[in-house]
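Asks: I have a structure here, written as structure tokens, and I will follow up with some questions on it.
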Amino acid sequence: MTGEPVARRYPASALPEIQGIRLAPLGVAATLVNLSATGVLVECASRPVPGAVLTVHFQGTFSPALIKSRVVRCEVAGIATDGSLRYHLGLAFNTRITLPHETEDDVDACAAAPSAPSLAAAALAAVAADVVAPVLRNRW
Numbered sequence: 001m002t003g004e005p006v007a008r009r010y011p012a013s014a015l016p017e018i019q020g021i022r023l024a025p026l027g028v029a030a031t032l033v034n035l036s037a038t039g040v041l042v043e044c045a046s047r048p049v050p051g052a053v054l055t056v057h058f059q060g061t062f063s064p065a066l067i068k069s070r071v072v073r074c075e076v077a078g079i080a081t082d083g084s085l086r087y088h089l090g091l092a093f094n095t096r097i098t099l100p101h102e103t104e105d106d107v108d109a110c111a112a113a114p115s116a117p118s119l120a121a122a123a124l125a126a127v128a129a130d131v132v133a134p135v136l137r138n139r140w
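Counting from 1, position 63 in the sequence shown corresponds to residue 63 in my numbering; the numbering is continuous, with no gaps.
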């Protein structure tokens, strides 16, 4: 662990102050999927390679209005009605930003909370203890 607090993701619906996103130097518009203090997931028609450096321009009243980032993943999200591919881009910010929805108390609480993988492992262990393995028979 790096000692930094966990960055909570906010869906696009929780951020009405962001009306749109443009990615430079690609010059393409993107749709916000979710945002955290350390990165953003957007959907767009362009396919940059992982490692590419991009500047994210937030349109609307969101601050900061732009932030430098790099592409950490790019995968096909779907096919548009015109037959073109749509991509999900995972962008990591070069610097951590402060989100208007977070306070210092929220960041401290996230850092102190158990991680999601440990909670999931505990839940799976509890379910596995109660489940009896089915008997399999080959009927062929």
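Note that beta-carbon positions come from the ideal geometry of N, C-alpha and C, so glycine has one too.
For clarity, every value in this text was computed on a predicted model and none was experimentally measured.
Between A14, L26, A24, which has its C-alpha nearest V33's C-alpha?
Replies: On the sequence shown, position 33 is the one that residue 33 refers to. Nearest of A14, L26, A24 to V33, Cα basis: A14.
Asks: Of all the options L26, G39, H57, L85, which has the alpha carbon lying nearest to the alpha carbon of N94?
Replies: As a first step, residue 94 is located in the sequence shown; it is residue number 94 there, counting from the start. It is G39.
Asks: Does the beta-carbon distance from L89 to C44 come in below 8 Å?
Replies: Locating residue 89 in the sequence shown gives position 89, where the first residue counts as 1. Locating residue 44 in the sequence shown gives position 44, where the first residue counts as 1. Going by C-beta atoms, L89 is nearer than 8 Å to C44.
Asks: Opposite L91 in the DSSP bridges: which residues?
Replies: Within the sequence shown, residue 91 is the residue found at index 91, counting from 1. DSSP, once it has assigned bridges, lists V40, V71 as partnering L91.
Asks: Flag this pair as yes or no: are the beta carbons of V71 and P48 separated by less than 8 Å?
Replies: In the sequence shown, residue 71 corresponds to position 71, counting from 1. In the sequence shown, residue 48 corresponds to position 48, counting from 1. Yes, the pair counts as a contact, with Cβ atoms nearer than the cut-off.
Asks: With 16 as the cutoff for other CB atoms within 10 Å, does V135 come out buried or exposed?
Replies: Position 135 of the sequence shown, counting from 1, holds the residue named residue 135. With fewer than 16 other Cβ atoms inside 10 Å of its own Cβ, V135 counts as exposed.
Asks: Report back the beta-carbon spacing between A99 and Y10 to the nearest angstrom; my notes put them in contact at under 8 Å.
Replies: On the sequence shown, position 99 is the one that residue 99 refers to. On the sequence shown, position 10 is the one that residue 10 refers to. It is worth fixing the name first, because residue 99 is Leu in this sequence and not Ala. Cβ-Cβ separation between L99 and Y10: approximately 7 Å, consistent with a contact (criterion under 8 Å).
Asks: I need the straight-line Cα distance from L66 to L54, nearest angstrom please.
Replies: Within the sequence shown, residue 66 is the residue found at index 66, counting from 1. Within the sequence shown, residue 54 is the residue found at index 54, counting from 1. C-alpha separation (whole angstroms): 10 Å.
Asks: Where do the N-terminal and C-terminal ends of the beta strand (DSSP E) with I21 fall, by residue?
Replies: Along the sequence shown, read from residue 1 onward, the residue named residue 21 stands at position 21. Taken as a continuous stretch (DSSP letters only), the beta strand (DSSP E) holding I21 covers 18-24.
Asks: Suppose contacts are defined by Cβ-Cβ distances below 8 Å. Is A142 in contact with H57 by that definition?
Replies: Absent from the model: residue 142. The displayed extent of the chain is 1 to 140, so no value can be given.
Asks: Does DSSP classify A7 as helix, strand or coil?
Replies: In the sequence shown, counting from the first residue as 1, residue 7 sits at position 7. Three-state DSSP puts A7 in coil, outside helix and strand.
Asks: Grouping DSSP H, G and I as helix and E and B as strand, with all else coil, what is A65?
Replies: The residue you call residue 65 lines up with position 65 of the sequence shown. Coil at A65, not helix or strand.
Asks: For S63, count neighbouring Cβ atoms within 10 angstroms of its own Cβ and tell me buried if that reaches 16, exposed if not.
Replies: Position 63 of the sequence shown, counted from the first residue, corresponds to residue 63. Classification of S63: exposed, given that the 10 Å Cβ count is below 16.
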